[in-house]
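So the sequence shown is numbered by my numbering: it starts at 1 and just counts up by one. We put the CB at the ideal spot given by N, CA and C, even for glycine. Since the model is a prediction, treat every value here as computed from it, not as a measurement.
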Amino acid sequence: MQLDQITTITEGTTKILALKQSITDKVPPQNVAFFNPKAKLSRDFSIIAYSAFLKKFDGPRLFLDSLAGVGARGLRVANEISDVRVIINDLNPSALELAKKSAELNGLTNFEVSENEVCRFLSTFSKKGHRGAIVDVDPFGSPARHVDCGIRATVHKGLFSVTATDLQVLHGIFKDACKKKYHGVPIKTSYSDEIAARLVVGLINVIAARLDVEITPVFVENNMHYYRIYVRVLNKPDTQNRIGYIWHCRTCGQRGASHEQVASCNQCSSKTEHAGPLWIDRLFDKEFLLNMLDEIPKFQIDKTCEKTIRKCILEADMGPCYYTLDEIAEMRHSSPISLLKIIERLQKDGFDATPTSFNPTGFRTSAPIGKIKEMF
Ligand SMILES: C[S@@+](CC[C@H](N)C(=O)[O-])C[C@H]1O[C@@H](n2cnc3c(N)ncnc32)[C@H](O)[C@@H]1O
Ligand SMILES: [Zn+2]
Numbered sequence: 001m002q003l004d005q006i007t008t009i010t011e012g013t014t015k016i017l018a019l020k021q022s023i024t025d026k027v028p029p030q031n032v033a034f035f036n037p038k039a040k041l042s043r044d045f046s047i048i049a050y051s052a053f054l055k056k057f058d059g060p061r062l063f064l065d066s067l068a069g070v071g072a073r074g075l076r077v078a079n080e081i082s083d084v085r086v087i088i089n090d091l092n093p094s095a096l097e098l099a100k101k102s103a104e105l106n107g108l109t110n111f112e113v114s115e116n117e118v119c120r121f122l123s124t125f126s127k128k129g130h131r132g133a134i135v136d137v138d139p140f141g142s143p144a145r146h147v148d149c150g151i152r153a154t155v156h157k158g159l160f161s162v163t164a165t166d167l168q169v170l171h172g173i174f175k176d177a178c179k180k181k182y183h184g185v186p187i188k189t190s191y192s193d194e195i196a197a198r199l200v201v202g203l204i205n206v207i208a209a210r211l212d213v214e215i216t217p218v219f220v221e222n223n224m225h226y227y228r229i230y231v232r233v234l235n236k237p238d239t240q241n242r243i244g245y246i247w248h249c250r251t252c253g254q255r256g257a258s259h260e261q262v263a264s265c266n267q268c269s270s271k272t273e274h275a276g277p278l279w280i281d282r283l284f285d286k287e288f289l290l291n292m293l294d295e296i297p298k299f300q301i302d303k304t305c306e307k308t309i310r311k312c313i314l315e316a317d318m319g320p321c322y323y324t325l326d327e328i329a330e331m332r333h334s335s336p337i338s339l340l341k342i343i344e345r346l347q348k349d350g351f352d353a354t355p356t357s358f359n360p361t362g363f364r365t366s367a368p369i370g371k372i373k374e375m376f
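Spelled out as structure tokens, the structure:
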């Protein structure tokens, strides 16, 4: 790799060496040392999520970045969060060379690199006493094949974070592939982003259950390119069943979640469509989110992080399946009203109503569809 091909990027307070091509090309090349500048926001969220987690974590503070590319996430964790040992892994030696140079540039002594196949790397940490406090799996496409070794390498009460970028699969363009990889299928709705996130959590839950491990989602985050799921891992069998279906009525627009499929709509009795099996329980842990909020002032991160976390806090205890202003306006053949107004009106009528972090025009409510339409 020649020096004139390399550039230095600063994210947070960390200097990251990457190939210039990763910055100039529309899509960063995958086969050379991988770095995606567009994923900065996802790394900003990781910094506050990991920092919030470690603040309450009692045990060896080891972060395993199992698919690290040039090490952007691992370098930031090692440099920006105090007292963490970071080991990054990738199959690509050129990426690791850059990571090592970046570590020197930042003066890091708590940063190691490993060149190995992801599951081989993680399996060297799957023995009791060697596991990571935080394990990250950030592949190209679906994380499905790495979830098992990721969970095995995460310590009891640890944090496991996962990225999924196979959006076409999760949005139902390839339904068979989705069924194979995630054990469930999506349906096309205005809240497809939530369905996609629930399919990923559902998969993690199914694999964890096989290993007698309980998982609890604490934070979920998405944008146009990816879903990021953060789950707490407990090394004990899960006694609850939190897998089920989302049912959706195309006639009146009502939606809901339940353990079993619901054949007809509870508002208009029409036949329903189903997504799933998928995760139907909470996606957020309010206490964890409040801790994330507390961490924000310590770091140089994007302003939108705070806005998003505040929305997550509001929606943390709400039920599944949000609505969007556009879809209700379309049903009513009217122009959309403001999000704030609809939330206020619903609350005034005694219903729970909050915005959602999944969609800027989305809202969650306990009101039935008829009531929501009336408000427009
Ligand atoms: C999406 S990138 C990781 C990006 C990185 N986590 C970040 O935040 O910038 C996926 C990485 O996985 C690596 N990779 C792909 N298959 C692998 C495997 N089987 N074992 C180890 N690394 C692998 C690729 O070389 C690539 O660097
Ligand atoms: Zn209906």
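For residue 121, the secondary structure class from DSSP, reduced to helix, strand or coil, is helix. Distance check between residue 107 and each of 16, 55, 308 places 16 closest, using alpha-carbon atoms only. Ranking 60, 273, 294, 238 by CA distance to the CA of residue 252 puts 273 first. In the structure shown, the three-state DSSP call for residue 323 is strand.
Judged by DSSP secondary structure, residue 136 falls within the beta strand (DSSP E) whose first and last residues are 132-137. Residue 101 and residue 113 have their C-alpha atoms roughly 11 angstroms apart.
Check the Cα spacing between residue 347 and each of 268, 365, 360: the tightest is with 365. Cβ atoms of residue 93 and residue 117 stay farther apart than 8 angstroms, at about 13 angstroms. Per the coordinates, the alpha-carbon of residue 375 lies some 52 angstroms from the alpha-carbon of residue 20.
Straight-line measurement puts the Cα of residue 64 at about 33 angstroms from the Cα of residue 321. The straight-line gap separating the alpha-carbon atoms of residue 99 and residue 181 is approximately 31 angstroms.
DSSP, reduced to helix, strand and coil, places residue 173 outside both helices and strands of the structure shown, so it counts as coil. Taking C-alpha positions only, residue 269 is separated from residue 256 by approximately 14 angstroms. Annotation note: the segment 285-348 contains the following uninterrupted alpha helix (DSSP H) runs of length 4 or greater, listed N- to C-terminal: 286-295, 304-315, 325-332, 339-348. At least one heavy atom of ligand 1 lies less than 8 angstroms from the C-beta of residue 34.
Collapsing the DSSP output to three states places residue 17 in a strand. By the Cβ-count criterion, residue 195 is buried, with 16 or more other Cβ atoms from all chains shown falling within 10 Å of its own Cβ. Between the C-alpha atoms of residue 128 and residue 48 there is a straight-line separation of about 27 angstroms. Checking the DSSP bridge columns, you'll see residue 90 partnered with 115. For residue 202, the enclosing alpha helix (DSSP H) starts and ends at 192-210. Residue 189 has its CB no nearer than 8 angstroms to any heavy atom of ligand 1. Counting only the Cα atoms, residue 18 lies some 7 angstroms from residue 9. The Cβ neighbour count for residue 166, taken over all protein chains shown within 10 Å, is at least 16; the residue is labelled buried.
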